[in-house]
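In our numbering, the protein residues as written are 877 to 1018. Some notes on the structure that comes next.
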């Protein structure tokens, strides 16, 4: 099923800006790099949008401002030139079980709710996955 949603925060900038309209579809299965909406495990009435960084059986470590996926530096072309993590001293090290994912904001400096605060997210809490950004539309000059 398809849905039109409005992003109401800056947590996914620069990929999705505040007030952008997006088309989503019912979630099927997670993959790395996918943008999803999910129920906030602290407040189920709230829906959050983030990017899946790690999936089942992955090992993800955040240390000294860098992110490592299965022992290798994580490549994130969607935030090229932006900080990879918040400037925080806490380190994270997750070994994911089946049916869990790690999600992060693209805008890492804004202190948004993601797995650094919420921990691994149950796949059962994921509602939708991004299909396309609808508005505003950016046209390229030929």
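All C-beta atoms, glycine included, are put in the ideal place defined by N, C-alpha and C. A quick note: this is a predicted structure, and the numbers were derived from the prediction, not measured.
Handout entry: Delimiting residues of the alpha helix (DSSP H) encompassing residue 992
Key = Here the alpha helix (DSSP H) through residue 992 covers 991-994.
Practice task
Check whether the Cβ atoms of residue 927 and residue 938 sit closer than 8 Å, and answer yes or no.
Solution key: no
Handout entry: Per DSSP, cross-strand counterpart(s) of residue 923
Key = 915
Practice task
With DSSP collapsed to three states, give me the class of residue 985.
Solution key: helix
Handout entry: Separation of residue 950 from residue 879, as counted between CA atoms
Key = 31 Å
Practice task
Just the C-alpha distance for residue 954 and residue 985, rounded to the nearest angstrom, thanks.
Solution key: 15 Å
Problem - Helix, strand or coil at residue 978 [DSSP, three-state] - result: strand
Exercise for the section: Could you work out which residue in 932, 959, 968 is closest to residue 944 when comparing CA atoms only? Expected result: 968
Exercise for the section: Kindly indicate which three-state DSSP category residue 955 falls into: helix, strand or coil? Expected result: helix
Handout entry: Among 915, 889, 896, the one whose alpha carbon lies nearest that of residue 1008
Key = Looking at the Cα atoms, 896 is the closest of the given residues.
Practice task
Could you tell me whether the Cβ atoms of residue 935 and residue 974 are closer together than 8 Å?
Solution key: no
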